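Residue 62 in full-length UniProt numbering sits at position 62 of the sequence shown; the count goes up by one each step and never skips. The beta-carbon is built from N, C-alpha and C at its ideal position, and this holds for glycine as well. Just so you know, these numbers come straight off a predicted model, no measurement behind them. Data block below; observations after.
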Amino acid sequence: MSESLLTVESLVAGYHGSRVIDDVSFSVGPGEGLGVVGANGAGKSTLLRTISGLVAPASGRILLEGRDITRLSPDRIARAGVLHVPEGRRVFSGLTVHENLRTGTIAGAARAGSSADPYDAVLDLFPRLRERLNQQAQTMSGGEQQMLAIARALMGRPSVLLVDEPAMGLAPVVVKRVAEHLRTIREHWGVALVVAEQSANNVDGIVGGHQLLVDGRLREVDSGGSDRANLLAAYRAAGADVPTTARSGRALTDGKNE
Numbered sequence: 001m002s003e004s005l006l007t008v009e010s011l012v013a014g015y016h017g018s019r020v021i022d023d024v025s026f027s028v029g030p031g032e033g034l035g036v037v038g039a040n041g042a043g044k045s046t047l048l049r050t051i052s053g054l055v056a057p058a059s060g061r062i063l064l065e066g067r068d069i070t071r072l073s074p075d076r077i078a079r080a081g082v083l084h085v086p087e088g089r090r091v092f093s094g095l096t097v098h099e100n101l102r103t104g105t106i107a108g109a110a111r112a113g114s115s116a117d118p119y120d121a122v123l124d125l126f127p128r129l130r131e132r133l134n135q136q137a138q139t140m141s142g143g144e145q146q147m148l149a150i151a152r153a154l155m156g157r158p159s160v161l162l163v164d165e166p167a168m169g170l171a172p173v174v175v176k177r178v179a180e181h182l183r184t185i186r187e188h189w190g191v192a193l194v195v196a197e198q199s200a201n202n203v204d205g206i207v208g209g210h211q212l213l214v215d216g217r218l219r220e221v222d223s224g225g226s227d228r229a230n231l232l233a234a235y236r237a238a239g240a241d242v243p244t245t246a247r248s249g250r251a252l253t254d255g256k257n258e
């Protein structure tokens, strides 16, 4: 494994004294990815929101290239290189595609060595957006809005990209297209990806594997395991869609990427 870009250590977070994330640890390096799979309400969004500074952790640490960013504000975390594509896309509906993309440059503007404008490279990755630069975001399809949300984050030149349920509400053919874009971002742009989804099938093609979020804790899918019954029970207990790969009988272990 390459040197870690993002390291999460024993992270605990929640709301009003209730633990949603409980002792979560993992790390991802440049061009690597982690899929976080769990049901709605399992804490996937809370995990990503805590990493991006929108939720204050109760304990634990978040490191970016060895630098502790746990208590930084969301804007400082974004400027440091951790960008968040939230659930539900949340593009600026009244702005054009071009204007939405330009709002994404704010995050990268203050970083040293980030003078190159990624605009053309982003549009090369998303040619459909190039065709719609003067179109208002609110008139676009759900798939196009998801592409715009990801593209806007790329305008901030992230080293780490957090993507929350990119497949939500999209047709299977569009889900496949979005997954291809995210895989390109990881493999060819060298960005570390953390992708949260309800279905493992939607993340495995992007990051090559996943962990289950169960009772606030991550559990690895062990490709060497053979207890298929326990594996399927764990997915169902987590409220997550059972992936196609579960037919191979993978087992679960506590996952801290140690």
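Can you say whether glutamate 197 is buried or exposed, counting buried as having 16 or more other CB atoms within 10 angstroms of its CB? buried
Can you give the beta carbon distance from leucine 148 to methionine 155, rounded, assuming they're within the 8 Å contact cut? Actually they do not touch by this definition, with Cβ atoms about 11 Å apart.
Confirm, please, whether the CB-CB distance from valine 28 to leucine 5 is below 8 Å. Contact: yes.
Tell me whether asparagine 202 is buried or exposed, calling it buried when 16 or more other Cβ atoms sit within 10 Å of its Cβ. buried
Can you tell which of Ala39, Ala137, His181 has its C-alpha closest to the C-alpha of leucine 161? His181
Applying the 10 Å Cβ sphere with the 16-neighbour rule, what's the burial state of isoleucine 150? Isoleucine 150 counts as buried, since at least 16 other C-beta atoms from the protein chains shown sit within 10 angstroms of its C-beta.
Compute the Euclidean distance between the alpha carbons of glycine 142 and valine 194, then round it to the nearest angstrom. 21 Å
What span of residues does the beta strand (DSSP E) with alanine 13 cover, start to end? 6 to 15
Should glycine 14 and alanine 58 be called a contact, given that it needs their Cβ atoms to be closer than 8 Å? yes
Among the candidates Arg219, Arg76, Ile51, Asp215, whose CA atom is the shortest distance from the CA of serine 18? Asp215
Length-filtered (3 minimum) beta strand (DSSP E) runs lying within the stretch 141 to 227: 160 to 164, 192 to 197, 210 to 214, 217 to 222
Alpha-carbon spacing of alanine 153 relative to leucine 83, whole angstroms: 6 Å
Can you have a look at isoleucine 77 and say buried or exposed, based on whether 16 or more other CB atoms are within 10 angstroms of its CB? buried
Cutoff 6 Å; reference residue 269; Cβ partners in own chain excluding five residues on either side: The first residue shown for the chain is 1 and the last is 258, placing residue 269 beyond what the model contains.
Segment limits, alpha helix (DSSP H) that includes isoleucine 69: Unbroken run through isoleucine 69: none, as it is neither H nor E.
First and last residue of the uninterrupted alpha helix (DSSP H) at arginine 61: Premise fails: arginine 61 lies in the beta strand (DSSP E), 59 to 64, not in any alpha helix (DSSP H).
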